[in-house]
Amino acid sequence: MTDIEQLLAIEEIKLLKARRDRACDTQDWELYRALHADHHVSHNQGHERWENADVMIANVKALLDKIRTTVHHSHTPEITFDSPTTAKGIWGMEDLIFDTESGELLLHGFGFYHETYEKIDGKWLFTSRQLKRTLVREKPESKIA
Amino acid sequence: MTDIEQLLAIEEIKLLKARRDRACDTQDWELYRALHADHHVSHNQGHERWENADVMIANVKALLDKIRTTVHHSHTPEITFDSPTTAKGIWGMEDLIFDTESGELLLHGFGFYHETYEKIDGKWLFTSRQLKRTLVREKPESKIA
Amino acid sequence: MTDIEQLLAIEEIKLLKARRDRACDTQDWELYRALHADHHVSHNQGHERWENADVMIANVKALLDKIRTTVHHSHTPEITFDSPTTAKGIWGMEDLIFDTESGELLLHGFGFYHETYEKIDGKWLFTSRQLKRTLVREKPESKIA
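Chains as they are written, first to last, in our numbering: chain A, 1 to 145; chain B, 1001 to 1145; chain C, 2001 to 2145.
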């Protein structure tokens, strides 16, 4: 990759991440799904592995849809390239999950997202995501983490 | 725009946003005003539209000056160009407003800033800002949101 | 510097910052030390000046190692160059310090990092860091701020 190709790819991956966080917190599941390759694997602490994008979207929707208000904020990315079409990223993160009706805070967490990306048909997509927690505070009965 | 022109413009718009958040939270109203075009329009949930930059600055100063300590943090921008001199941006956001004297938290909110920018006399400036809340927690009597 | 050299340098400095926040919050002190020039000076509100990188690392380890879980999130950088090998940065910031064993929140703060960077042997490193607080809430007996 030339310098300019690399800078453009970094910007596109940052944009991909921005859209994922916004799609999650505005519950735009069509956009959320479109950002992930079919073979995307999610592995978030406290959950089983979700082995493809359709399984992931079904689980995320079941956990959050309508009854939860979420905040996912991602910070200071470290993006590195394994090839012109494959990359890794680490992001600092904070998430909050509220009960939409009562406004009660159910979960407040911190950690790092470890992700991989692949450029497929000219577009960068997520191919895996692993959340490593540094801290999570949760109401025991809410079972979200 | 060439690729490099677009990357430079994205960086300038990110810098504009960074200065806005800092100017707000350090109450540097001269800097704050200088970042906005004269015809800037603000439309924040819970407030009337502020139809130009001078009306905005008068309102922001009245709400915050001295008696409030604020935190405005903006995340993972999505910046897109309509032309070489006009752009749109969406940013995840969190804000906190404290009573400066007592240290009491009066407001804690989350949402997305939807903004427009214009390059005027060689400098990118804000031309509009709309805050769409996902969640806000507020002391009822504080009337800030 | 050409435009492209400047964009690359900005990206490298953002990466340096990302690694610092992650090294701090994962207590990877070897990485943390490697990001700072030998003559790095830290001046954080509420603490004495730390006049070089080895003094800094000894102090940071003593404050945080094992018994604390920390979160350091940095936002919306303003990076400007004094020369092709020296730069300044301002970042919005939030930090939280928890007692690792009890999970109790000991400190929650906000402010701005004012930093300088130098390119030494082809790599950007921190040469100074000053934390200017806008607000800090602390348990009086915890003595961390």
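Just so it is clear, CB atoms sit at the ideal spot from N, CA and C, and this is done for glycine as well.
For residue j and residue i, the rounded distance between their alpha carbons
| i | j | result |
| --- | --- | --- |
| B/A1058 | B/A1037 | 15 Å |
| B/F1196 | A/G109 | Since the displayed chain B opens at 1001 and closes at 1145, residue 1196 of chain B lies outside it and no answer follows. |
| B/T1069 | C/L2135 | 7 Å |
| A/L8 | C/L2015 | 16 Å |
| C/H2043 | C/Q2027 | 20 Å |
| B/W1050 | C/G2103 | 44 Å |
| B/E1115 | A/L35 | 23 Å |
| B/T1086 | C/L2064 | 46 Å |
| A/R33 | A/D54 | 8 Å |
| A/D3 | C/I2004 | 8 Å |
| C/W2124 | C/D2025 | 21 Å |
| B/A1062 | A/K132 | 43 Å |
| A/R19 | B/F1112 | 12 Å |
| B/E1101 | B/K1066 | 9 Å |
| A/E118 | A/S128 | 10 Å |
| B/F1126 | C/E2048 | 40 Å |
| A/G122 | A/Q6 | 14 Å |
| B/K1017 | A/K17 | 19 Å |
CB contact check: residue i to chain E, cutoff 8 Å
| i | result |
| --- | --- |
| B/F1081 | Checking the listed chains, one finds no chain E in this structure; the protein chains it contains are A, B and C. |
Residues sharing a beta bridge with residue i, DSSP
| i | result |
| --- | --- |
| C/I2120 | C/K2123 |
| B/T1070 | B/I1097 |
| C/I2090 | C/E2078 and C/H2114 |
| B/S1128 | B/V1041 and B/T1116 |
| B/E1138 | B/L1107 |
| C/S2083 | C/T2086 |
| A/R133 | A/G111 |
| C/W2050 | C/S2042 |
Sequence-distant residues of the same chain with beta carbon closer than 7 Å to residue i, five excluded per side
| i | result |
| --- | --- |
| C/I2010 | I2079 |
| B/I1120 | A1037 |
| C/W2029 | I2057 and K2061 |
| C/T2045 | As written in the sequence, residue 2045 of chain C is Gln, which differs from the Thr given in the question. Excluding sequence neighbours, C/Q2045 sits near L2131, K2132 and R2133. |
| C/I2013 | I2079, A2087, G2089, Y2117 and W2124 |
| A/V71 | D25, D95 and L96 |
Residues near residue i in its chain [Cβ-Cβ closer than 6 Å; skip 5 each side]
| i | result |
| --- | --- |
| B/E1094 | H1073 and F1110 |
| C/M2001 | P2084 |
| A/L31 | A23 |
| A/Q130 | H43 and H114 |
| A/D21 | H72 and S74 |
8 Å contact criterion, which residue i and residue j should meet: CB distance rounded
| i | j | result |
| --- | --- | --- |
| A/T76 | A/G89 | That belief does not hold up - the Cβ atoms of A/T76 and A/G89 are roughly 11 Å apart, past 8 Å. |
Cβ-based neighbour list, residue i, same chain, cut-off 8 Å, excluding 5 preceding and 5 following
| i | result |
| --- | --- |
| A/L106 | R68, I97, F98, D99, E138, K139, S142 and I144 |
| A/N52 | D38, H39, H40 and V41 |
- If contact means a Cβ-Cβ distance below 8 Å, which residues of the stretch 115–141 of chain A contact chain C? T134, L135 and R137
#### Entry: Selection of the stretch 2012–2025 of chain C by Cβ proximity to chain A, strictly under 8 Å
K2014, L2015, K2017, A2018, R2019, D2021, R2022 and D2025
*asked:* Against chain A, which members of the stretch 2038–2072 of chain C pass a CB distance test of less than 7 Å?
replied: Here the close residues are T2069 and V2071.
Problem set entry | Residues of the stretch 1095–1115 of chain B with Cβ closer than 8 Å to any Cβ of chain A, in chain order | Cβ contacts with chain A come from F1110 and F1112.
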